[in-house]
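Numbering (my numbering), first residue to last: 1 to 449.
Take a look at the structure below.
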Amino acid sequence: MKRFYMFCLVLLVLSAHAYSQRRRPAPTPPVITSNEEIKVSTNLIRVDVVVTDKKNRPVSNLNPGDFEIYEDGKKQKISDFSYVSSGKQRKTSRPTSDSLGLETGSGGTNLKDKIAIPTTSGSTGGGEIRRTFVIVVDNLGLSFRSVGEVKRSIRKFINEQVRRGDLVSILTTGRSGVLPAFTSNKKQLLATVKKIKWTGQSRGGADYYDPIKLTLLEEVSEQRGQDIPGVQEEAALLEDVELERKNNLAIATMRSLQYVVGGMSNLPGRKSLILFSEGFSLTNRSNRNSSVANADDSDTGAPPSSMNQFGSGAPDAVKALTESANQASVVIYPIDPRGLQYLGGAGADDDVRKAFDRNFRPGQTENKRTNRDYEFRQTQDGLRVLAKETGGFAVLNQNNLGKGLERVIDDQSYYLLGYITDMETIDGPKQVFEKVSVRLKDPDLRVRY
């Protein structure tokens, strides 16, 4: 009986303990007020830059002390530094020093909203990264003669330069509905090159530039040695029609390139878009009489035409393209296959004075030659803008296209510089790109970004 009472007492205690456990309220999570919210006000900004010497050779042995980064004119401390190498390099003789020893794999926002950051500091071997090339043949802006030269250059590039692990895609602006798959298979790439054709809708004709042709009224005016009513109006109308056609084709080229850039945006690292094109003008006919800046044979010549001067058409299309390229980490390298050209009188020019042994006054023929020279330089300005605004360079007045492609390949190595910034003062990657500038302490070196 005593044992029975003891059993009941233990059972009562256990029941009371279980009941108290069920009644115990769950702890209420603390309420975070707006004043207690955690905010991240700083971020790591990275910018990739290419450094070359006076001879446009890449410089690969710099250290953080050789660079200066400014945000809104205020110098920033470099807290992140690495060099990404594509393999083949022609190094300059400069003293080297250790990097900061910081890993570059931590999260951050790149200057151009880059998406791939190397995971090692210092120099990265050529086998550790993949080179990404998109070769665009602007058959909407190439002459029949240029197409053959371009195809030969691309075939040589494939046979001699493409290596295992490279990502290469080839397409034309006339048929860019689908971005071809990237591959390093040389047979596939060569088969694609074979399909490249010239189109009669191109901005370019049979040759690098069309021979001068005079209208009927212009011929009569030349023969008589005096102006005839309606001559200038007729010539201006025909010229406006042709300029409008070329402007529309230039816009079509920009839209095709923007589609290609969009397809490259998800690929890792710094990407290269090699554009074979005879260029396009960023001016309209009303500016034909403006002074033409002297241009040299490199991408560092006279300042290109202002993209915002006219506010419509090709300039706006170029501006939209370069903004998309910067955000997608795509660098554009335009190559003009026309090479170095003599733009004076040509045997094919329609000069009626040749048919008469008389000294007529200089007239429309000379004016047309002047306009031809002006238009040629303006089309090169368009290519310069694409290169300059995306961190690349334009290969102009170069008869050996293979040399131009070699320069592009050598340009695939770059430095990654980073600094800590207050993100509350910056509204998105676009504003970062507008506020940040990079300088070199050595005046003999050049930097592109």
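Beta carbons: idealized from backbone N, C-alpha and C, even for Gly.
Small disclaimer: the values here were computed from a predicted structure and weren't measured.
Close beta carbons around Gly339, own chain, < 7 Å, minus the five adjacent residues each side: Its chain contains Asn397, Gln398, Asn399 as the residues whose beta carbon lies nearer than 7 Å to that of Gly339, once the 5 sequence neighbours on both sides are disregarded; these appear in chain order.
Those residues which DSSP pairs with Glu68 across a bridge: Arg439
Sequence-distant residues of the same chain with beta carbon closer than 6 Å to Val447, five excluded per side: Val49, Val51, Val438, Leu440
Cut-off 6 Å between Cβ atoms - residues of its own chain near Gly391, not counting five sequence neighbours on either side: Val331, Arg448, Tyr449
The region 317-333 in contact with the region 253-264 per 3-pair CB rule at 8 Å: With the cut-off at 8 Å, the region 317-333 and the region 253-264 touch.
Of the listed residues Glu149, Arg270, Gln76, Asn61, nearest to Lys197 (C-alpha basis): Glu149
Identity of the residue in Glu239, Ile69, Lys186 nearest Glu375 by Cα: Glu239
Continuous alpha helix (DSSP H) stretch holding Ser324: start and end: Its alpha helix (DSSP H) spans residues 314-327.
C-alpha gap between Thr420 and Ser82, whole angstroms: It should be noted that the sequence gives Ile, not Thr, for residue 420. In a straight line, the C-alpha of Ile420 is about 16 Å away from that of Ser82.
Three-state secondary structure assigned by DSSP to Ile158: DSSP, read as helix, strand or coil, puts Ile158 in helix.
Residue range of the beta strand (DSSP E) that includes Ile335: Here the beta strand (DSSP E) through Ile335 covers 330-335.
Under 8 Å between C-beta atoms of Ile251 and Ala317: yes
Rounded Cβ spacing between Leu275 and Ala314 (contact assumed at less than 8 Å): Their Cβ separation, rounded to whole angstroms, is 15 Å, which puts Leu275 and Ala314 out of contact at 8 Å.
Residues near Asp444 in its chain [Cβ-Cβ closer than 7 Å; skip 5 each side]: For Asp444, where only same-chain residues beyond five positions count, the Cβ hits under 7 Å are Asp53, Lys54.
With 16 other Cβ atoms within 10 Å as the buried cut-off, status of Asp336: buried
Presumed contact (8 Å Cβ cut-off) between Arg203 and Asp166, rounded CB distance: The beta-carbon distance between Arg203 and Asp166, rounded to whole angstroms, is 31 Å. This is too long to meet the 8 Å contact definition.
Cβ-based neighbour list, Phe182, same chain, cut-off 6 Å, excluding 5 preceding and 5 following: Leu167, Ser169
Beta-carbon gap between Asp138 and Gly418 smaller than 8 Å: Not a contact, by the Cβ cut-off of 8 Å.
For Glu71 and Val436, believed in contact at Cβ under 8 Å, the rounded distance: 5 Å
Lys75 - partner residues in DSSP beta bridges: Tyr70
C-alpha gap between Leu383 and Arg152, whole angstroms: 21 Å
Residues near Arg358 in its chain [Cβ-Cβ closer than 8 Å; skip 5 each side]: Unreliable positioning characterises Arg358 in this predicted model, as indicated by a pLDDT of 47, which lies under 50. The coordinate reading is nonetheless provided below. Excluding positions up to five away in sequence, the list is empty.
Same chain only: Cβ atoms within 6 Å of Leu405, ignoring 5 sequence neighbours per side: Phe157
Boundaries of the beta strand (DSSP E) in which Asp80 is found, first to last residue: Judged by DSSP secondary structure, Asp80 falls within the beta strand (DSSP E) whose first and last residues are 80-84.
Limits of the unbroken alpha helix (DSSP H) element including Leu267: Segment: none, Leu267 is in no alpha helix (DSSP H) and carries neither H nor E.
Within-8 Å CB hit, Phe376 to chain C: Among the protein chains of the structure shown there is no chain C, as only one such chain exists.
Closest by C-alpha distance to Ile154, when choosing among Val408, Asp442, Gly402, Lys187: Gly402
Strand pairing of Asp48, partner residues [DSSP]: Here Asp48 is bridged, per DSSP, to Leu416.
Leu142 and Ser277 closer than 8 Å at C-beta: The Cβ atoms of Leu142 and Ser277 lie closer than 8 Å to each other.
Three-state secondary structure assigned by DSSP to Phe133: The three-state secondary structure of Phe133, taken from DSSP, is strand.
Beta carbon of Pro64 nearer than 8 Å to that of Ile45: Result no, Cβ atoms of Pro64 and Ile45 do not sit closer than 8 Å.
Alpha carbon of Val193 to alpha carbon of Tyr259, nearest angstrom: C-alpha separation (whole angstroms): 20 Å.
Limits of the unbroken beta strand (DSSP E) element including Ile170: 167-172
In DSSP terms, what Leu275 is bridged to: Val136, Pro334
Of the listed residues Gly205, Gln378, Pro268, Ala325, nearest to Gly279 (C-alpha basis): Gln378
Identity of the residues DSSP links to Val395 by a beta bridge: Ile335
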